[in-house]
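Structure first, commentary second.
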Amino acid sequence: MALFQIFDPSARPTPIGIDLGTTHSLVAYTVDGRPECVLDCDMSPLLPSVVHYLEHGGVMVGNAGREKAALHPRETLVSVKRFMGRGADDAETRRMGPYDFAMPEPGQSNTVRFKVHGRTLTPVEVSAEILRVLRTNAEEKLRTIGGAVITVPAYFDEAQRQATKDAAKLAGLEVLRLLNEPTAAALAYGLDKGRTRGTFAVYDLGGGTFDVTILSLDDGVFQVRSTGGDAQLGGDDMDRAFAEWVFRHMGVDPATASPELVRAALDAARLAKHELTDRPNTVIAVTAGETTFERSVRRTEFEDIVRPVIERTTPAVKRALRDAGLRPEEVDGVILVGGSTRVPAVREHVKKLFGQEPLSDIDPDQVVAFGAAIQANLLAGDGAQEDALILDVIPLSLGIETMGGVAEKILPRNTTIPAGRAQQFTTYADGQTGFELHVVQGERELAADNRSLAKFTLKGIPPMPAGAAKLEVTFRVDADGMLTVTARELNTGIEQRIEVTPSFGLSGDDVERMLLESYEHAESDLAARQLRERIIEGERVIAATEAALKVDGDLLDEDERAELDGALKALRDAIAGQDGKKIHHRTEGLDRATHPLAERRMDRAVQQAMKGRAVAEIEDTVKDRPEHPHLAASYAADEASDKET
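Here the sequence shown stands for residues 629 to 1273, numbered as in my numbering.
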């Protein structure tokens, strides 16, 4: 006789938290305010992030897929998270696994594509298979799920975050929010263990990414003070270093080894790494076809092999501390996240960096999923911690290119998100009917030295004198880190909006490089910016003066005209010589030289306005007219804060 599953149809759907990891993925939920992980059919909370594609359709996900990796490495996709948001033409991509890659067809987006059994697959599609299994496992346990909070590395940019959302949509999941992994860990510790005050570092070393976050906890409010990391560093790199050591002892060149042997060596290295976490020595064994290798290895040998990988986390930690204005001894505790932090050498390295034993009360494999589940519960309006607040930050400044190639920052680095900020700009030339906006990301003073995110044009603006048009540019970054830029001309109301989604991802190495360059070139960048701004101001005064002379040059006598022409030539010579101080002084000199002309132009304008008009009418007109500035300033913006674009 068939049995019916009986459940309450009025029960509320349960929100879930998902840790979509590089090596493993987990799904969690909350029971009476406490998080728990959903177990799979093997009674394990960890689902290997592995997808094997069968020849005649169908997929095998998790442990079943991982078992196929050694024999079918090209059809078994692992660590696919490392490919999320990356460009198809990225050279580093080609070295990230024994896969066949396909270049995009004309008209297709520039994203990584795998060739498997004649099909082309994107990282989004592969990730969706993992998320689909997690969703199914959750539904078997909870019956009905009510949306998901999915975690991402702190350094995922807009393209990588959007790719994660797209994968969730393909898997049939409603995304409540994307949550930074270190922030999720802080949420798990702050609420689950009652640590609500102090300054903490979250050291997150997973399978494929490394993040370090400095945050302050105060009465349930988590303020992220700084972030750092490397989107291409993790336990996988330890496995590769260990596998290369194996190849050296085998006398095999990994560049010419078969994909089957490469996969077998990586699997053996991973297994030995796990065993050496709990014991002082083990045996590493590799079997691929007729090739076999076996050797005893000590933990100390393993630590020597992977130490360069572990030490690659040091610069990001030091920079995060410096950005937060802290010394290591001022950190109250260090939270460990990610399975790779189980390695004793990693824990010892963290202890050395911060001068204290790191915290590991919660399973480092599960802590991120726990935090995501807690946040999902809060967003659904459940639980007793509804006043908890998470404040993430923007890792790099966002802004636009203004006249002269200067980068104007609108949302500075480490601004708390969600965030929105507007700034007004104006036109540089007479009759300008459009604004071309170039959105950039980075810390350098010139736009060319920063990362280009997007370009778009606001058209249809009526011709106006320079400085008359008013453009308000608004940057908004939502809680998921997605950027929307809106440009609106205030006189006409014409508006254009764009969601910024770069065609490839920004790696942690790129972020690190951009920050280093901003520090190294700070003085020269500032000097270059000041020079360009002075050139722009000088050229604007020259243009305004020439326009006025063309119309009303007859108002000057011969000596006055000679003096003004001399001031014009002196300023042009200073601009040609690229001398910032001379440009500044000679701009002021030309400005002063235009005063007589400006006064006489005003007199002429008043005389023309008075012809044939009653005194009362003229008084009303003058009363309503704004005060007319001197000649050069009349072509500038109405507000000192306006910039040219």
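The C-beta atom is built at its ideal place from N, Cα and C for all residues, glycine as well.
Remember, predicted model here, so these are calculated numbers, not experimental data.
| said: Using C-beta distances below 6 Å, list every residue in its chain close to residue 1274, excluding the 5 sequence neighbours before and after it, in chain order. | reply: In this structure the chain extends from 629 to 1273, so residue 1274 is not present and cannot be described.
Quiz prompt | Length of the line joining the Cα atoms of residue 986 and residue 839 | solution = In the sequence shown, residue 986 corresponds to position 358, counting from 1. In the sequence shown, residue 839 corresponds to position 211, counting from 1. So the alpha carbons of these two residues sit roughly 15 Å apart.
Under a Cβ-count criterion, where at least 16 other Cβ atoms within 10 Å of its own Cβ denotes burial, should residue 1118 be classed as buried or exposed?
In the sequence shown, the residue the question calls residue 1118 occupies position 490. Exposed, by the Cβ-count rule.
Self-check item: Three-state class that DSSP yields for residue 647 in the structure shown
Solution: Residue mapping note: residue 647 aligns to position 19 of the sequence shown, counting from 1. In the structure shown, residue 647 sits in a strand (DSSP, three-state: E or B).
Taking 8 Å as the threshold, find out whether the stretch 1070 to 1079 comes into contact with the stretch 1032 to 1040 through three or more Cβ pairs.
-> yes
- residue 712: buried (16+ other C-beta within 10 angstroms of its C-beta) or exposed? As a first step, residue 712 must be located in the sequence shown, where it is residue number 84. By the neighbour-count rule (16 or more Cβ atoms within 10 Å), residue 712 is buried.
Could you check if residue 1235 is buried or exposed, using at least 16 other CB atoms within 10 Å of its CB as the buried criterion?
-> The residue you call residue 1235 lines up with position 607 of the sequence shown. Residue 1235 should be labelled exposed.
Problem - Span of the beta strand (DSSP E) around residue 1068 - result: Taking the sequence shown and counting its residues from 1, the one referred to as residue 1068 is at position 440. Residues 1063 to 1069.
* To do: Flag this pair as yes or no: are the beta carbons of residue 1166 and residue 1192 separated by less than 8 Å?
  => What you label residue 1166 is simply residue 538 of the sequence shown in a count that begins at 1. What you label residue 1192 is simply residue 564 of the sequence shown in a count that begins at 1. In this structure, residue 1192 does not lie closer than 8 Å to residue 1166 by Cβ.
Item to complete: Using 10 angstroms around the beta-carbon of residue 786, count the other beta-carbons present and answer buried if the total reaches 16, otherwise exposed.
Response: Within the sequence shown, numbered from 1, the residue matching residue 786 stands at position 158. Buried, because 16 or more other Cβ atoms sit within 10 Å of the Cβ of residue 786.
Q.
Please state the DSSP three-state secondary structure of residue 682.
A. What you label residue 682 is simply residue 54 of the sequence shown in a count that begins at 1. Residue state, collapsed to three classes: coil.
Exposure label - residue 752; buried when at least 16 CB within 10 Å
Along the sequence shown, one-based indexing puts residue 752 at 124. Buried.
Problem - Beta-ladder partner(s) of residue 920, from DSSP - result: On the sequence shown, position 292 is the one that residue 920 refers to. In DSSP, residue 920 forms a bridge with 915.
Can you give me the Cβ contacts of residue 941 inside the same chain, cut-off strictly under 6 Å, excluding the 5 residues immediately before and after it?
The residue labelled residue 941 in the question sits at position 313 within the sequence shown. If we look at residue 941 and ignore the five residues flanking it on each side, its Cβ neighbours are 838.
Burial state of residue 1133 (16 or more Cβ within 10 Å) = Here residue 1133 is taken as the residue at index 505 of the sequence shown, counted from 1. Low confidence applies to residue 1133: its pLDDT is 45, below 50, so where it sits in the model is not reliable, and the reading given next is rough at best. Result: buried.
TODO: Compare the Cα-Cα distances from residue 1113 to each of 1084, 1107, 645, 1096 and report the closest residue.
DONE: Along the sequence shown, read from residue 1 onward, the residue named residue 1113 stands at position 485. Looking at the Cα atoms, 1084 is the closest of the given residues.
Reduced DSSP secondary structure (H/G/I, E/B, other) of residue 878:
Locating residue 878 in the sequence shown gives position 250, where the first residue counts as 1. Of the three classes helix, strand and coil, the one that applies to residue 878 here is helix, per DSSP.
Next on the checklist: For the stretch 923 to 937 against the stretch 966 to 985, do three or more pairs of beta-carbon atoms, one drawn from each stretch, fall closer than 8 Å, so that the two count as touching?
Outcome noted: yes
Between the C-alpha atoms of residue 652 and residue 682, what's the straight-line distance to the nearest angstrom? In the sequence shown, residue 652 corresponds to position 24, counting from 1. In the sequence shown, residue 682 corresponds to position 54, counting from 1. Their backbone Cα atoms lie some 21 Å apart in a straight line.
Under the three-state reduction of DSSP, which class applies to residue 812: helix, strand or coil? Taking the first residue of the sequence shown as 1, we reach residue 812 at position 184. Three-state result, residue 812: helix.
Quiz prompt | Completely contained beta strand (DSSP E) runs for the stretch 1154 to 1238, where each covers 3 or more residues | solution = none
*Check residue 994 in the structure and name its three-state DSSP category.*
Along the sequence shown, read from residue 1 onward, the residue named residue 994 stands at position 366. Note: residue 994 maps to coil in three-state DSSP.
Inter-residue spacing [alpha-carbon to alpha-carbon] between residue 937 and residue 857:
If you number the sequence shown from 1, residue 937 lands on position 309. If you number the sequence shown from 1, residue 857 lands on position 229. In a straight line, the C-alpha of residue 937 is about 13 Å away from that of residue 857.
### Query
Would DSSP call residue 866 helix, strand or coil?
Here the question's residue 866 lines up with position 238 in the sequence shown. Correct three-state label for residue 866: helix.
ask   = Between residue 1041 and residue 1022, what straight-line distance do the alpha-carbon atoms span, to the nearest angstrom?
value = Locating residue 1041 in the sequence shown gives position 413, where the first residue counts as 1. Locating residue 1022 in the sequence shown gives position 394, where the first residue counts as 1. Approximately 6 Å, taken between the alpha carbons.
Buried versus exposed, by CB contacts within 10 Å (16 or more), residue 643: Taking the sequence shown and counting its residues from 1, one reaches residue 643 at position 15. Counting Cβ neighbours within 10 Å, residue 643 comes out buried, since at least 16 surround it.
| task | Select from 1204, 1103, 1225 the residue whose C-alpha is nearest the C-alpha of residue 1172. | result | Numbered from its first residue, the sequence shown carries residue 1172 at position 544. Ranking 1204, 1103, 1225 by Cα distance to residue 1172 puts 1225 first.
Worksheet item: In three-state terms, what does DSSP make of residue 1100?
Response: Against the sequence shown, residue 1100 aligns to sequence position 472. Reduced to three states, the DSSP call for residue 1100 is strand.
Q | residue 860 to residue 943 span [Cα, whole Å] | A | Taking the first residue of the sequence shown as 1, we reach residue 860 at position 232. Taking the first residue of the sequence shown as 1, we reach residue 943 at position 315. Approximately 14 Å between the Cα atoms of the pair.
**Study point:** residue 894, DSSP secondary structure in three states
**Key:** Counting from one through the sequence shown, the residue named residue 894 turns up at place 266. Note: residue 894 maps to helix in three-state DSSP.
**Asked** CA-CA distance, residue 1180 and residue 1155?
**Response** Here residue 1180 refers to the residue found at position 552 of the sequence shown. Here residue 1155 refers to the residue found at position 527 of the sequence shown. C-alpha separation (whole angstroms): 37 Å.
Local conformation of residue 676 per DSSP, three classes: If you number the sequence shown from 1, residue 676 lands on position 48. Strand.
* **Contacts around residue 1162, its chain only, beta-carbon distance under 6 Å, and the 5 residues preceding and following it disregarded** => Start at 1 with the first residue of the sequence shown, and residue 1162 comes out as number 534. 1208, 1211, 1212.
Quick check: residue 789 and residue 1031, are their CB atoms within less than 8 Å of each other?
Looking up residue 789 in the sequence shown gives position 161. Looking up residue 1031 in the sequence shown gives position 403. Against a cut-off of 8 Å, the Cβ pair of residue 1031 and residue 789 comes out as no contact.
Exercise for the section: Pick out whichever of 1098, 1102, 1026 has its Cα sitting closest to the Cα of residue 1075. Expected result: The residue labelled residue 1075 in the question sits at position 447 within the sequence shown. Among 1098, 1102, 1026, the Cα nearest to that of residue 1075 belongs to 1026.
Local conformation of residue 641 per DSSP, three classes | If you number the sequence shown from 1, residue 641 lands on position 13. The answer is coil: DSSP assigns residue 641 none of H, G, I, E or B.
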